[in-house]
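Undergrad: In UniProt numbering, the protein residues as written are 1 to 202.
Backbone N, C-alpha and C fix where the C-beta goes; we use that ideal spot for every residue, glycine too.
Computed from a prediction, not measured in an experiment: that's the story for all the values here.
Below, the structure is given as structure tokens:
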């Protein structure tokens, strides 16, 4: 009984987000899967908030699930892949805002967590993100990690943060134009939106 209540609650939560996105969007959305910088070990999924629909958002989530899961399953539920070399453990998710400007989220294919993002050729890492040569010498590391406790300490309770396509687009813009001379609060708040609407929903 408890399991059913949890599953039903999650379904209602997911349906509410998708419904809100559908209400705020129209037309169609381009979702593509490409190899990042011609590197066969890194896959990138693209999503554009301009002209999105309930169907295109659902297609985007299905694409994420496909690339986050392994070929194995248990009780018809796809399993996350086993650990592999660092680059293969990452899924790149490039998301474009209303002005066709983008950021790229880096998701761990082991647990679907957001561990970093890339904006304007610079990587921004969470406090507990493992080092990786991929990030180069110009990366920036935040003082907080990716747990909700750490994010909410910076940004406030996630229950008080609105979700929807408008908030998603604004979060993309916030992260793209953030610089190290600004407060981290905006980053934490934007990541809460992105985590709930991208990685957690997938």
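Are there 16 or more other CB atoms within 10 angstroms of the CB of residue 189, so buried, or fewer, so exposed?
TA: Residue mapping note: residue 189 aligns to position 189 of the chain shown, counting from 1. Residue 189 comes out buried.
Undergrad: Quick one: Cα of residue 197 to Cα of residue 137, how far?
TA: As a working mapping, residue 197 is identified with position 197 in the chain shown. As a working mapping, residue 137 is identified with position 137 in the chain shown. Rounded to whole angstroms, residue 197 to residue 137 spans 30 Å at the Cα level.
Undergrad: Using a 10 Å radius around the Cβ and a threshold of 16 neighbouring Cβ atoms, would you call residue 66 buried or exposed?
TA: Sequence index remark: in the chain shown, residue 66 carries index 66 (1-based). When all chains shown are included, residue 66 counts as exposed.
Undergrad: Quick check on the DSSP output: the beta strand (DSSP E) that includes residue 103 runs from which residue to which?
TA: The residue you call residue 103 lines up with position 103 of the chain shown. That run of the beta strand (DSSP E) goes 102 to 108.
Undergrad: Could you name the residues of the same chain whose beta carbon sits closer than 6 Å to that of residue 118, not counting the 5 residues immediately before and after it, in chain order?
TA: Counting from 1 along the chain shown, the entry for residue 118 is found at position 118. Cβ neighbours of residue 118 beyond the five flanking positions: 104.
Undergrad: Of the residues 89, 135 and 171, which one's Cα is nearest the Cα of residue 102?
TA: On the chain shown, residue 102 is found 102 positions in, with the first residue counted as 1. Nearest of 89, 135 and 171 to residue 102, Cα basis: 171.
Undergrad: Quick check: what's the CA-CA separation for residue 148 versus residue 159?
TA: Position 148 of the chain shown, counted from the start, is the residue given in the question as residue 148. Position 159 of the chain shown, counted from the start, is the residue given in the question as residue 159. Using only the alpha carbons, I get a separation of about 11 Å.
Undergrad: Between the alpha carbons of residue 120 and residue 140, how many angstroms are there, rounded?
TA: Mapped onto the chain shown, residue 120 falls at position 120. Mapped onto the chain shown, residue 140 falls at position 140. When rounded, the distance between both Cα atoms is 13 Å.
Undergrad: For residue 189, report the span of its alpha helix (DSSP H) as first-last.
TA: Taking the chain shown and counting its residues from 1, one reaches residue 189 at position 189. Taken as a continuous stretch (DSSP letters only), the alpha helix (DSSP H) holding residue 189 covers 185 to 194.
Undergrad: Below 7 Å between beta carbons: does that hold for residue 200 and residue 142?
TA: As a first step, residue 200 must be located in the chain shown, where it is residue number 200. As a first step, residue 142 must be located in the chain shown, where it is residue number 142. Taking 7 Å as the Cβ cut-off, residue 200 and residue 142 do not qualify as a contacting pair.
Undergrad: Can you tell me the Cβ-Cβ gap for residue 193 and residue 163, rounded? I've got them flagged as a contact below 8 Å.
TA: Position 193 of the chain shown, counting from 1, holds the residue named residue 193. Position 163 of the chain shown, counting from 1, holds the residue named residue 163. Residue 193 to residue 163, Cβ: 6 Å. Contact.
Undergrad: Which ranges does the alpha helix (DSSP H) cover as unbroken runs of at least 4 residues, wholly within the region 98 to 176, from first to last along the chain?
TA: Counting whole runs of 4 or more residues, the region 98 to 176 contains the alpha helix (DSSP H) stretches 148 to 155 and 165 to 176.
Undergrad: State the start and end residues of the unbroken alpha helix (DSSP H) segment that holds residue 62.
TA: Looking up residue 62 in the chain shown gives position 62. Run containing residue 62: 54 to 68, per the alpha helix (DSSP H) assignment.
Undergrad: How big is the Cα-Cα spacing for residue 135 and residue 174?
TA: Locating residue 135 in the chain shown gives position 135, where the first residue counts as 1. Locating residue 174 in the chain shown gives position 174, where the first residue counts as 1. About 20 Å.
Undergrad: Using a threshold of 7 Å, state whether the C-beta atoms of residue 95 and residue 144 are closer than that.
TA: To locate residue 95, count along the chain shown from 1; it is residue 95. To locate residue 144, count along the chain shown from 1; it is residue 144. Contact flag unset, no.
Undergrad: Measure how close the beta-carbons of residue 115 and residue 146 come, nearest whole angstrom, since I'm counting them as under 8 Å.
TA: Here residue 115 corresponds to residue number 115 of the chain shown, with the count starting at 1. Here residue 146 corresponds to residue number 146 of the chain shown, with the count starting at 1. That belief holds up - the Cβ atoms of residue 115 and residue 146 are roughly 7 Å apart, short of 8 Å.
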